[in-house]
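The sequence shown begins at 1 in my numbering and counts up one residue at a time.
Beneath this line is the structure, given in structure tokens, with notes to follow.
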Amino acid sequence: MDKFGFIVHPISIESFYDFLWFWSKFAKILPKETVKNIMLKFRPYRLCSFNKIRSSSGPIISGEIVALPLLPVQIASIIKERVLDLIEEAIRVCEKRGAKIVGLGGFTSVVGNEGEVLSKRVDVPLTSGNTLTAALALEGIYKAVRLMDISLPASTAAIIGATGDIGSICTKILSKKVKQLNIAARNEGKLQKFANLITNYGKAKVKIFKYTKDAVLDADIVLTATSAVTTVIDPVHLKPGAVVCDIAMPADIAREITQIRDDILVFEGGLARIAHMEDIKSKELAHIVPAKGVFGCVAETMALTFENKFEPYSIGRGNITEEKIEEIKTIAARHGIVLSDFFCGYKFFTEKEIENIKKNAVKNRKKNKCSSKTKSQ
Ligand SMILES: NC(=O)c1ccc[n+]([C@@H]2O[C@H](COP(=O)([O-])OP(=O)(O)OC[C@H]3O[C@@H](n4cnc5c(N)ncnc54)[C@H](OP(=O)(O)O)[C@@H]3O)[C@@H](O)[C@H]2O)c1
Numbered sequence: 001m002d003k004f005g006f007i008v009h010p011i012s013i014e015s016f017y018d019f020l021w022f023w024s025k026f027a028k029i030l031p032k033e034t035v036k037n038i039m040l041k042f043r044p045y046r047l048c049s050f051n052k053i054r055s056s057s058g059p060i061i062s063g064e065i066v067a068l069p070l071l072p073v074q075i076a077s078i079i080k081e082r083v084l085d086l087i088e089e090a091i092r093v094c095e096k097r098g099a100k101i102v103g104l105g106g107f108t109s110v111v112g113n114e115g116e117v118l119s120k121r122v123d124v125p126l127t128s129g130n131t132l133t134a135a136l137a138l139e140g141i142y143k144a145v146r147l148m149d150i151s152l153p154a155s156t157a158a159i160i161g162a163t164g165d166i167g168s169i170c171t172k173i174l175s176k177k178v179k180q181l182n183i184a185a186r187n188e189g190k191l192q193k194f195a196n197l198i199t200n201y202g203k204a205k206v207k208i209f210k211y212t213k214d215a216v217l218d219a220d221i222v223l224t225a226t227s228a229v230t231t232v233i234d235p236v237h238l239k240p241g242a243v244v245c246d247i248a249m250p251a252d253i254a255r256e257i258t259q260i261r262d263d264i265l266v267f268e269g270g271l272a273r274i275a276h277m278e279d280i281k282s283k284e285l286a287h288i289v290p291a292k293g294v295f296g297c298v299a300e301t302m303a304l305t306f307e308n309k310f311e312p313y314s315i316g317r318g319n320i321t322e323e324k325i326e327e328i329k330t331i332a333a334r335h336g337i338v339l340s341d342f343f344c345g346y347k348f349f350t351e352k353e354i355e356n357i358k359k360n361a362v363k364n365r366k367k368n369k370c371s372s373k374t375k376s377q
């Protein structure tokens, strides 16, 4: 049976407790700062295994999940060479346990240029999983837009983290489908260069924004995929009726948004459903992986394993093409890997709830119009 490996890291202290099995009860009584300091001393280790994951078309594979016990903020702040050494060690754990391909989850791909650096150090093929993640995020947006009665060709889409690996391919594809693109990232020079490229790529008018807040104000669609370690979007700035697809891990928008704004359809982008979700149930990943979904990066690693495609796949920043998006979608579909239902912060949206969001959006748009009229009088 072919096996894949996947590297995960906790996104919060709470998710780290799940990584500690029975030791978690001791960790929970320690001050969080002490736990964070202890984490810096850990080495990567095998967290759990999946012994039998079934494709919808026959193949059965297995998987090894290896933990790099560092928080996103720690990965982003400790010396890059040290982080790369730890990720390499994690890859070697997968390799030793028989993995024929290894997926780099969350921030483990963000460092080292999306697996490019580490690809040169190990023999096993790597993938960041970003191609399927981007494909699923876009598919989710198209579905959400239809459900929310937004006209895609007449819409304004804001892309936060537009110059990133996932953000850039999504921006390119959306530039052919929407009327206006509001793109944002911190590095203004890089953003301007990217805006020039996009203007010639699609038909959308492109506007660049230094501040996330200004980019989202008039957006009907928001796709956010930054590598920020804290949230970057304040729910109050979003337009009633907007569709928000948050791919980032940790999240770019606080999951409490579903309690604050009842007039917005917000979902975690890049989530998939596999043919037999029961095959990948895991206590250790309870705080990271949603109950009825699997992250696109893991789903891509599984799809490549089902397909016997043991080669570096999503590697290096800015290399994802429209052709590659189509290819991975086809491979994934062949094995029953499809877009998950809309999900945000342990909440799945039912059709009835989406109808209510639409009604609330109409109500709030009217309210906003009235109050701006009163202000101008
Ligand atoms: N859901 C999934 O299955 C899945 C799969 C893979 C990755 N991810 C997540 O997706 C996110 C993006 O991954 P990636 O590989 O595309 O990362 P990336 O290539 O490093 O791109 C990150 C982008 O975010 C921008 N950025 C960083 N901090 C920002 C801030 N504070 N405000 C605005 N923009 C900011 C960066 O530009 P500047 O540096 O110029 O600001 C860049 O454009 C990460 O959170 C990753 O963990 C999720």
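The C-beta atom is built at its ideal place from N, Cα and C for all residues, glycine as well.
All figures in this text were calculated on a predicted structure; none of them were measured in a lab.
#### Entry: Within 9 Å, strictly: CB atoms of Phe26 and Pro69
Walking along the sequence shown from the start, residue 26 turns up at place 26. Walking along the sequence shown from the start, residue 69 turns up at place 69. Between Phe26 and Pro69, the C-beta spacing is not below 9 Å.
#### Entry: Three or more C-beta pairs below 8 Å linking the stretch 224-240 and the stretch 203-215
In short, these stretches touch, since the Cβ pair count reaches three.
### Query
Beta-carbon separation of Arg207 and Leu174 under 9 Å?
Working through the sequence shown from its first residue, we reach residue 207 at position 207. Working through the sequence shown from its first residue, we reach residue 174 at position 174. The question names Arg, yet the displayed sequence has Lys at residue 207. Between Lys207 and Leu174, the C-beta spacing is not below 9 Å.
### Query
Helix or strand or just coil, what does DSSP make of Tyr45?
Working through the sequence shown from its first residue, we reach residue 45 at position 45. Tyr45 falls in the strand class under three-state DSSP.
### Task
Give me whichever residues DSSP pairs with Val244 in a beta bridge.
Along the sequence shown, read from residue 1 onward, the residue named residue 244 stands at position 244. Looking at the DSSP assignment, Val244 forms a beta bridge with Val222 and Val266.
### Query
Taking the alpha-carbon positions, what's the Tyr45 to Ala67 distance?
Stepping through the sequence shown from its first residue, residue 45 is reached at position 45. Stepping through the sequence shown from its first residue, residue 67 is reached at position 67. Approximately 5 Å, taken between the alpha carbons.
### Query
Taking the C-alpha atoms as reference points, what is the distance between Leu454 and Ile354?
Within the shown structure, residues of the chain are numbered from 1 to 377, placing residue 454 beyond reach of any answer.
### Query
If you compare alpha carbons, which of Ala204, Ala99, Ile141 and Glu88 is closest to Ser119?
Working through the sequence shown from its first residue, we reach residue 119 at position 119. The shortest C-alpha separation from Ser119 is found at Glu88.
### Query
Taking the Cβ atom as the reference point for each residue, do Arg255 and Gly161 lie within a distance shorter than 9 Å?
Here residue 255 corresponds to residue number 255 of the sequence shown, with the count starting at 1. Here residue 161 corresponds to residue number 161 of the sequence shown, with the count starting at 1. Cβ distance not < 9 Å, so Arg255 and Gly161 don't count as in contact.
### Task
Mark Ser227 as exposed unless 16 or more other C-beta atoms lie within 10 angstroms of its C-beta, in which case mark it buried.
Here residue 227 refers to the residue found at position 227 of the sequence shown. By the 10 Å Cβ count, Ser227 comes out buried.
### Query
Given Asp165, which residues of its chain have a CB within under 6 Å of its CB, disregarding the five upstream and five downstream residues?
Counting from 1 along the sequence shown, the entry for residue 165 is found at position 165. Once the five neighbours on either side are set aside, the close Cβ partners of Asp165 are Glu114, Asn130 and Arg317.
### Task
Report yes if the C-beta of Glu33 is less than 8 Å from at least one heavy atom of ligand 1; otherwise report no.
In the sequence shown, counting from the first residue as 1, residue 33 sits at position 33. Result no, Cβ not under 8 Å from ligand 1.
### Task
Can you have a look at Phe22 and say buried or exposed, based on whether 16 or more other CB atoms are within 10 angstroms of its CB?
The residue given as residue 22 occupies position 22 in the sequence shown. So Phe22 counts as exposed.
### Query
Taking just the CA atoms, how far does Glu14 sit from Lys28?
Taking the sequence shown and counting its residues from 1, the one referred to as residue 28 is at position 28. Taking the sequence shown and counting its residues from 1, the one referred to as residue 14 is at position 14. Between Lys28 and Glu14, the C-alpha separation is close to 9 Å.
### Query
Excluding five sequence neighbours on each side, which residues of the same chain lie with their C-beta closer than 6 Å to the C-beta of Arg261?
For the purposes of this step, residue 261 is taken as residue 261 along the sequence shown, with counting starting at 1. Excluding the 5 residues flanking it on each side, Arg261 has same chain C-beta neighbours closer than 6 Å at Pro235, in chain order.
### DSSP three-state assignment for Lys25, whether helix, strand or coil
For the purposes of this step, residue 25 is identified with residue 25 of the sequence shown, where counting begins at 1. Taken through DSSP and simplified to helix, strand or coil, Lys25 comes out as helix.
#### Entry: Inter-stretch contact at 8 Å, needing at least 3 Cβ pairs: the stretch 129-143 / the stretch 323-343
Contact between the stretch 129-143 and the stretch 323-343 is established, with three or more Cβ pairs separated by less than 8 Å.
### Query
Can you tell which of Ala195, Met249 and Val362 has its C-alpha closest to the C-alpha of Pro240?
By 1-based counting over the sequence shown, the position of residue 240 is 240. For the set Ala195, Met249 and Val362, the Cα lying nearest the Cα of Pro240 is the one of Val362.
### Task
Return the CA-CA distance between Lys37 and Gly269, expressed in angstroms with no decimal places.
Taking the sequence shown and counting its residues from 1, the one referred to as residue 37 is at position 37. Taking the sequence shown and counting its residues from 1, the one referred to as residue 269 is at position 269. It should be noted that the sequence gives Asn, not Lys, for residue 37. In this structure, the alpha-carbon of Asn37 lies about 32 Å from that of Gly269.
### Query
How long is the line joining the alpha carbons of Met1 and Arg82, rounded to whole angstroms?
Against the sequence shown, residue 1 aligns to sequence position 1. Against the sequence shown, residue 82 aligns to sequence position 82. Going by the C-alpha atoms only, they are around 34 Å apart.
### Query
Do Val8 and Leu47 come within 9 Å of each other at the CB atom, strictly closer than that value?
Along the sequence shown, read from residue 1 onward, the residue named residue 47 stands at position 47. Along the sequence shown, read from residue 1 onward, the residue named residue 8 stands at position 8. For Leu47 and Val8, yes; Cβs fall inside 9 Å.
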